[in-house]
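Engineer:
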Amino acid sequence: MKFERLIRAAVRSITKNRMRSFLTMLGIIIGVGAVIALVAIGQGASADIESQIDALGTNLIMIRSGSSYRGGVSRGAGSLQTLSMEDVEELRKRAALLDYVSPDITAGVQAIAMEKNWATQIHGVSVNYPFIRNWVIKSGNFFSEQDVRGRRKVAVLGDRVAKEIFGERDPIGARIRINKVPFTVVGTLKEKGDAMMGDQDDLILAPSTTVLYRLSDGKTVRSILASAKENAPMEAVESEIRDILRDTHRLKAADEDDFQIRSQTEILERVTGVTNTMTMLLGAIAAVSLLVGGIGIMNIMLVSVTERTREIGIRMAVGARSSDILVQFLVEAVILSLVGGFIGILVGLGLGVGISRLINTGLIVDPVITVIAVVFSAAVGVFFGFYPARKASLLNPIEALHYE
Numbered sequence: 005m006k007f008e009r010l011i012r013a014a015v016r017s018i019t020k021n022r023m024r025s026f027l028t029m030l031g032i033i034i035g036v037g038a039v040i041a042l043v044a045i046g047q048g049a050s051a052d053i054e055s056q057i058d059a060l061g062t063n064l065i066m067i068r069s070g071s072s073y074r075g076g077v078s079r080g081a082g083s084l085q086t087l088s089m090e091d092v093e094e095l096r097k098r099a100a101l102l103d104y105v106s107p108d109i110t111a112g113v114q115a116i117a118m119e120k121n122w123a124t125q126i127h128g129v130s131v132n133y134p135f136i137r138n139w140v141i142k143s144g145n146f147f148s149e150q151d152v153r154g155r156r157k158v159a160v161l162g163d164r165v166a167k168e169i170f171g172e173r174d175p176i177g178a179r180i181r182i183n184k185v186p187f188t189v190v191g192t193l194k195e196k197g198d199a200m201m202g203d204q205d206d207l208i209l210a211p212s213t214t215v216l217y218r219l220s221d222g223k224t225v226r227s228i229l230a231s232a233k234e235n236a237p238m239e240a241v242e243s244e245i246r247d248i249l250r251d252t253h254r255l256k257a258a259d260e261d262d263f264q265i266r267s268q269t270e271i272l273e274r275v276t277g278v279t280n281t282m283t284m285l286l287g288a289i290a291a292v293s294l295l296v297g298g299i300g301i302m303n304i305m306l307v308s309v310t311e312r313t314r315e316i317g318i319r320m321a322v323g324a325r326s327s328d329i330l331v332q333f334l335v336e337a338v339i340l341s342l343v344g345g346f347i348g349i350l351v352g353l354g355l356g357v358g359i360s361r362l363i364n365t366g367l368i369v370d371p372v373i374t375v376i377a378v379v380f381s382a383a384v385g386v387f388f389g390f391y392p393a394r395k396a397s398l399l400n401p402i403e404a405l406h407y408e
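Residue numbers (my numbering): 5 to 408.
Structure below.
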């Protein structure tokens with residue numbers, strides 16, 4: 005029997021029993037759809053996280069007060085305040101692999117102006133902070149080195165703060181009270197959006213000296229941000245920073261670091277590793293439903309073989325060989341799996357778009373994953389369709405003709 009005739013016979017059998025064919029394909033549709041949707045959402049979320057990390061700054065390095073140890077137990081990063089403005093100055097003077105260095109002195113504050121009250125965070129930073137964090141000035145100017153040295157009460161507002169307090173009005177030159185301390189607004193920042201650490205636009209930037217002595221305790225620098233020179237090996241950069249800070253802190257060779265260094269590359273690698281693992285896990289879970297769909301194909305095709313016993317007997321009686329019957333049922337299984345796979349792709353794309361909009365994340369459809377899902381669905385059809393096809397091909401023609 006020619007292969008074209010086998011395909012036509014398989015198609016006729018499938019279309020003749022549409023509900024049974026749909027139920028047979030349902031498991032494959034769900035499996036392929038789940039694989040496409042979950043992997044696309046996982047990869048989209050991973051890309052979103054990578055872009056958020058990139059938005060933190062260029063070659064960003066974060067230095068925080070290290071863990072304090074008591075009884076051999078770590079009390080967590082920042083539990084012991086060990087960084088100071090002296091560390092910032094030493095890094096500026098001695099670190100050959102750093103472009104920019106800035107303290108980051110943070111405090112939760114209440115900002116009041118124009119009869120509006122807004123809770124936010126203020127960051128005491130240096131004039132090169134925008135270069136470290138890739139900030140762009142939207143209006144006005146950033147504060148100057150003279151403002152830092154003079155501890156002047158000037159502020160640059162994040163886009164969210166500016167809109168919440170001033171609305172559509174121009175805030176440049178306006179007075180704003182921050183924890184009851186009057187500041188003058190000299191600039192606003194261009195919108196940057198959300199990141200891993202929250203809304204990047206919900207902040208106020210001010211001279212580090214002003215925040216340190218007017219809104220903080222006058223000595224605590226919680227963290228230092230730096231930007232490495234382009235193409236500088238990150239391991240060498242971290243080693244240089246570690247050597248300078250250990251020297252400044254007068255730590256002995258046997259002493260633990262009393263600070264922690266985290267690079268943008270390290271953060272990206274860790275987060276990417278986690279998201280990739282989650283994507284693979286979600287894909288594997290979804291792939292299980294493909295196997296369940298394969299079992300469904302086998303069960304329903306076994307029922308089909310039983311229902312079509314007389315048909316099989318007649319085909320054998322008019323000259324069909326066992327191999328012809330085997331191939332016919334295998335072709336039916338593969339066609340059902342492939343059609344189910346293609347429908348599953350459409351379902352997966354629809355689910356992916358809907359879920360990504362619901363949870364506000366990206367969606368990346370990988371053509372390779374799509375092809376693999378379809379090929380795998382065909383393989384499932386062959387694997388789980390073989391036993392029913394084999395059973396059909398081994399029927400005794402005489403017994404089959406007498407089957408009621």
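Each residue gets a CB set at the ideal place from its N, CA and C atoms; glycine is no exception.
Predicted model, so just to flag it, every value in this text is computed and none were measured.
#1: Looking at the unbroken alpha helix (DSSP H) that takes in I245, where does it start and where does it end?
#2: Please state whether the Cβ-Cβ distance between T86 and F263 is less than 7 Å.
#3: Measuring CB to CB, does V384 end up less than 7 Å from G298?
#4: Is any heavy atom in the ligand HEM found nearer than 6 Å to the beta carbon of G345?
#5: Taking 8 Å as the cut-off, does the stretch 148-160 touch the stretch 182-192 (at least 3 CB pairs, one atom from each stretch)?
#6: Decide if the stretch 351-369 is in contact with the stretch 40-58; the criterion is three or more beta carbon pairs, one per stretch, under 8 Å apart.
#7: Do you know offhand how far V189's Cα is from K233's?
#8: Alpha helix (DSSP H) containing R361: first to last residue?
#9: Taking C-alpha atoms, which residue in F147, S143, D198 and A377 lies nearest to E172?
#10: Assuming contact is defined by CB atoms lying nearer than 7 Å, are A393 and L306 in contact in what I supplied?
#11: Look up D203 in the DSSP assignment and say whether it is helix, strand or coil.
#12: Closest to L272 by C-alpha separation, out of N63, R9 and S25, would be which residue?
#13: What does the Cβ neighbour count give for V375, buried or exposed, with the cut at 16 atoms within 10 Å?
#14: Work out the CA separation of L340 and R319 for me, nearest whole Å.
#15: In this structure, how does DSSP classify Q268 when only helix, strand and coil are distinguished?
#16: Would you mind reading off the limits of the beta strand (DSSP E) that contains R68?
#17: I'd like to confirm the pairing. Which residues does DSSP put opposite I182 in its beta bridges?
#18: By how many angstroms is the C-alpha of L249 removed from the C-alpha of L255?
#19: Would you kindly report the start and end of the unbroken beta strand (DSSP E) that includes Q85?
#20: Do G128 and S212 count as a contact pair if the criterion is CB distance below 7 Å?
#21: Any contact between the stretch 34-44 and the stretch 345-364? By contact I mean 3 or more CB pairs, one from each, below 8 Å.
Structural biologist: Inspection of the coordinates gives the following:
#1: M238 to T252
#2: yes
#3: Contact: yes.
#4: Judged by which ligands are present, the structure shown has none, so any question about the ligand HEM falls away.
#5: With the cut-off at 8 Å, the stretch 182-192 and the stretch 148-160 touch.
#6: yes
#7: 32 Å
#8: Unbroken alpha helix (DSSP H) run through R361: S326 to L362.
#9: S143
#10: no
#11: If DSSP states are grouped into helix, strand and coil, D203 belongs with the strands.
#12: Measuring from the Cα of L272, the nearest candidate turns out to be N63.
#13: exposed
#14: Near 22 Å, if we compare the C-alpha coordinates of L340 and R319.
#15: Q268 falls in the helix class under three-state DSSP.
#16: L64 to S69
#17: A115 and V185
#18: 9 Å
#19: Unbroken run through Q85: none, as it is neither H nor E.
#20: yes
#21: yes
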